[in-house]
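**Q** Adding 24 to a residue's 1-based position in the sequence shown gives its number in the working numbering.
Each residue gets a CB set at the ideal place from its N, CA and C atoms; glycine is no exception.
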Amino acid sequence: MFAVFEEEKWITILMFTFLSLSILSRIMIGIRYQNMIRQTENMSTTSHKALKQCKLKFANCYQLNGGVSNIPIFVDKFLNKLKLGPLLVQTVYHLSGQFMLLSVFCSGLGVCLCLVAGHTIGDILPFYIVSFLGLYLYYSVSAIADIKGRRRILKTNLVDYLENHMASRLRAGLPIEAKEGAKTGAKEPKTGIELMPVHAGGNVHGSSTAVASAAVRTESGEGAEEKESDKMGRIFSLSEQKELEELLREFLTS
Numbered sequence: 025m026f027a028v029f030e031e032e033k034w035i036t037i038l039m040f041t042f043l044s045l046s047i048l049s050r051i052m053i054g055i056r057y058q059n060m061i062r063q064t065e066n067m068s069t070t071s072h073k074a075l076k077q078c079k080l081k082f083a084n085c086y087q088l089n090g091g092v093s094n095i096p097i098f099v100d101k102f103l104n105k106l107k108l109g110p111l112l113v114q115t116v117y118h119l120s121g122q123f124m125l126l127s128v129f130c131s132g133l134g135v136c137l138c139l140v141a142g143h144t145i146g147d148i149l150p151f152y153i154v155s156f157l158g159l160y161l162y163y164s165v166s167a168i169a170d171i172k173g174r175r176r177i178l179k180t181n182l183v184d185y186l187e188n189h190m191a192s193r194l195r196a197g198l199p200i201e202a203k204e205g206a207k208t209g210a211k212e213p214k215t216g217i218e219l220m221p222v223h224a225g226g227n228v229h230g231s232s233t234a235v236a237s238a239a240v241r242t243e244s245g246e247g248a249e250e251k252e253s254d255k256m257g258r259i260f261s262l263s264e265q266k267e268l269e270e271l272l273r274e275f276l277t278s
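Here it is as C-alpha cells:
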C-alpha cells in the first residue's frame with residue numbers, strides 16, 4: 025500500500041520534510057522558553073545571555089530616563105526581539121504553522137498526481153493517513169509545548185524581577201539629591217547662631233582678655249553635616265535667636 029510513496033518520491037520527501045520542520049520548530053521554541061523560565065528563578069546570578077542583556081538594557085534605560093514607566097511593555101518589547109538562531113522566535117512560530125500547511129498541500133498534490141496516473145482510492149490512502157497523523161502530531165506537540173502559556177509565565181517572572189527587585193535597587197542607588205530634588209525640590213537654607221565660650225576678666229572695650237564673643241553662622245546646602253568637635257555652643261530656635269541677639273547687643277554695647 026505504501027508503494028505509492030516510492031512512485032511519488034519527491035512529493036513524499038517534501039511532505040515529510042515540511043511536517044518534520046513544523047513539529048521541530050514548536051519543540052525548539054518550547055525548549056527555549058522553558059530554559060529561560062528556569063533561569064529567571066535566579067536572575068541575580070543568571071548566565072543566560074539574553075536575560076543578562078535584558079538586565080543591562082533595563083538598568084541603562086532606568087538611569088537615563090530616571091525610571092521605566094511601563095515595565096510590562098518593556099518586557100514585551102524584549103520578548104518580541106528574542107531570536108532562535110538567525111530568526112526571531114515569533115517568525116519561527118509562524119513558520120511552524122506554514123510548514124504544516126505545506127505538508128498538507130504536498131499530500132494533496134500527491135493524491136492528485138496519483139489520480140491522474142490512474143491509481144485507485146486504496147493506492148492513494150497513505151497520503152491521507154500521513155496527513156491526518158501529521159496534523160494530530162502537530163497539535164499534540166503544540167499542546168505539550170504550550171508556547172503561549174510559557175511566554176506568559178516568562179513575562180510574569182521578568183516583570184516581577186525588574187519591578188520588585190531590580191528597580192528598587194536602582195532607585196536606592198541613585199544620588200540623594202536626585203531623589204529628593206525630584207520629589208520635594210531644593211531644601212531651604214538653615215540659619216542658626218553658634219555661641220562661643222565667654223571668658224571673664226577685663227573690660228569690654230579693649231582689655232587683653234575678651235569678655236564675650238559670639239558668632240552667627242548660616243548653614244546652607246543639602247545634606248550639610250556638623251561635626252561634634254566644631255559645636256561649641258547650642259543652636260537655638262528662631263524666636264530664641266532674636267532674643268539672644270538683642271541680649272548680646274545690649275551686653276556688648278553696655
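Pull up the distance between the alpha-carbon of I344 and that of S49, whole angstroms please.
**A** What is shown of the chain runs 25 to 278, which leaves residue 344 out entirely.
**Q** For L111, name the three-state secondary structure that DSSP assigns.
**A** Here L111 sits in strand by DSSP.
**Q** Is the distance from the Cβ of M52 to the Cβ of L103 below 8 Å?
**A** No, the pair does not count as a contact, with Cβ atoms beyond the cut-off.
**Q** In or out: A169 buried (at least 16 other Cβ within 10 Å) or exposed?
**A** Buried: at least 16 other Cβ atoms inside 10 Å.
**Q** What separation, rounded to the nearest whole angstrom, lies between the Cα atoms of L45 and V113?
**A** The alpha-carbon atoms of L45 and V113 are separated by roughly 14 Å.
**Q** Spatial neighbours of V135 within its chain, please: C-beta separation below 8 Å, excluding the five flanking residues on both sides.
**A** Cβ within range, chain order: I148, F151, Y152.
**Q** Find the nearest neighbour of N59 within the set N188, L194, N181, judged by alpha-carbon distance.
**A** Measuring from the Cα of N59, the nearest candidate turns out to be N181.
**Q** Suppose contacts are defined by Cβ-Cβ distances below 8 Å. Is S155 in contact with S131 by that definition?
**A** Against a cut-off of 8 Å, the Cβ pair of S131 and S155 comes out as a contact.
**Q** DSSP on V92, reduced to helix/strand/coil?
**A** Of the three classes helix, strand and coil, the one that applies to V92 here is coil, per DSSP.
**Q** Among L75, A74, F98, which residue has its Cα nearest to the Cα of C85?
**A** It is F98.
**Q** Count the other CB atoms within 10 Å of the CB of R56; is the residue buried (16 or more) or exposed (fewer)?
**A** Buried, because 16 or more other Cβ atoms sit within 10 Å of the Cβ of R56.
**Q** Output the residue ranges of the alpha helix (DSSP H) runs that lie fully inside the segment 29–85 and measure 4 residues or longer, sorted by chain position.
**A** Listed in chain order, they are 33–64.
**Q** Report the three-state DSSP secondary structure of L106 (helix, strand or coil).
**A** DSSP places L106 in coil when its eight states are reduced to three.
**Q** Under 8 Å by Cβ, that's how I've got L178 and T64 pegged, so tell me the actual separation to the nearest angstrom.
**A** Rounded, the Cβ-Cβ distance is 7 Å, consistent with contact.
**Q** What residue range does the alpha helix (DSSP H) around A169 cover?
**A** Its alpha helix (DSSP H) spans residues 145–169.
**Q** With the cut-off set at 8 Å, would you say L186 and I61 are in Cβ contact?
**A** For L186 and I61, no; Cβs fall outside 8 Å.
**Q** Could you compute how far the alpha carbon of L38 sits from the alpha carbon of K172?
**A** Distance between the alpha carbons of L38 and K172: 28 Å.
**Q** Measuring alpha carbon to alpha carbon, tell me which residue in E31, E270, L161 is nearest A141.
**A** When each option's Cα is compared against that of A141, the closest is E31.
**Q** Using only alpha-carbon positions, find the residue among S68, A83, H72 that is nearest to A191.
**A** When each option's Cα is compared against that of A191, the closest is A83.
**Q** Can you grab the Cα-Cα spacing for the pair L137 / T115, in whole Å?
**A** If you take the alpha carbons of L137 and T115, they lie about 32 Å apart.
**Q** Are the CB atoms of L80 and M67 within a distance shorter than 8 Å?
**A** No, they are not a contact pair.
**Q** Just the C-alpha distance for T41 and S71, rounded to the nearest angstrom, thanks.
**A** T41 and S71: Cα-Cα distance of roughly 35 Å.
**Q** Can you list, in chain order, the residues of its chain with a C-beta nearer than 7 Å to that of S127? Leave out the 5 residues immediately preceding and following it.
**A** Hits under 7 Å: M39, F42, L43, S46, G158.
**Q** Of the choices R175, T69, R273, L133, whose alpha-carbon is the least far from that of V28?
**A** Nearest C-alpha to V28: L133.
**Q** Does the beta-carbon distance from R174 to G54 come in below 8 Å?
**A** In contact: R174 and G54 (Cβ atoms closer than 8 Å).
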